[in-house]
Each structure stands twice: as structure tokens, then as C-alpha cells.
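One structure is given here, and the rest of the page talks about it.
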Amino acid sequence: MTLGVLGGTFDPIHNGHLAAGQRAQAALGLAQVLVVPSRIPPHRPAGAPPEARLAMARLAAAGRPGWVVSDIELGREGPSYTFDTLTALRAESTSQFFFIIGADAFAEIAT
């Protein structure tokens, strides 16, 4: 299975996030887009609590075929690093992963 991982602070989740996920899903033929709100974003503060951002992500993903929201980062202590999330997902699945990232996050990828 092909799986796109769309992570972020999602404070709030917006049309840009959704468009990136939809375009990646269409271009790569992704069977699933996994939306992963961070618990503690390491690069910017979040105004809304993680549970509220998770609820917003669930509302935004509702009705989108193949979209699933994961609370994987909410269950871990400390900052939510993508490396840790992808490592945990790899341990659970043999899917082919595609990391979906916005231009703003890509600009900070080295950090």
C-alpha cells in the first residue's frame, strides 16, 4: 500500500494543508493520506491544545476518501519529531511511505 504522511501543527488545519494532501494523493496514487497533528511542535508554538487540533484535523479529513487522522504523536512525551513518527510507522507497516510537507516546513527541514 502507498501511504502519504501529512504532519504538522495544524493550528488550524487549512485549505493549503488539504490541497497539498489531495495533490500528493492524486499525483502519487496514494491509497491513504495519514494526517498527523503534532503534540508539541518543535519549531513553533501552538495556540490550541493538541486535542483541539486533532479534532480540527478529523473534521477536515472527514469525507475525503482514503484520509485517516492519527493521534500517534499525542501519545508521546516531548517534542513531536517527524523522524520519531516515521520510525514508529515503519515498525507497524510495510507500506511505501511518502512524506508530504509544505514549503514553510521544508524551509526549516535542516533544523
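Under numbering that gives the first Met the number 0, the first residue of the sequence shown carries the number 0, and numbering increases by one thereafter. Here a beta-carbon is modelled for each residue, glycine too, at the ideal position from N, C-alpha and C. Keep in mind that this is a model prediction, so the values were computed, not measured.
{"Check": "Excluding sequence positions up to five away, which residues of its chain have a Cβ less than 7 Å from the Cβ of Asp116?", "Outcome": "In this structure the chain extends from 0 to 110, so residue 116 is not present and cannot be described."}
{"Check": "Could you tell me if Glu91 is buried or exposed, where buried requires 16 or more neighbouring beta carbons within 10 angstroms of its beta carbon?", "Outcome": "exposed"}
{"Check": "Which runs of the beta strand (DSSP E) fall wholly inside the stretch 46–92 and span at least 3 residues, in chain order?", "Outcome": "66–68"}
{"Check": "Taking only three categories from DSSP, how would you classify Gly3?", "Outcome": "strand"}
{"Check": "Between the C-alpha atoms of Ser94 and Ser69, what's the straight-line distance to the nearest angstrom?", "Outcome": "16 Å"}
{"Check": "Roughly how far, in whole angstroms, is the beta-carbon of Phe97 from the beta-carbon of Leu27, given that I think they are within contact range, below 8 Å?", "Outcome": "6 Å"}
{"Check": "Measuring straight from C-alpha to C-alpha, what distance separates Ala59 and Gly7?", "Outcome": "14 Å"}
{"Check": "Might you give, ordered along the chain, the residues of its own chain that have their beta carbon closer than 6 Å to the beta carbon of Pro40, omitting 5 neighbours on each side?", "Outcome": "Thr8"}
{"Check": "On the criterion of 16 or more Cβ atoms from any shown chain inside 10 Å, does Gly20 qualify as buried, or is it exposed?", "Outcome": "buried"}
{"Check": "So what does DSSP say about Leu27, is it helix, strand or coil?", "Outcome": "helix"}
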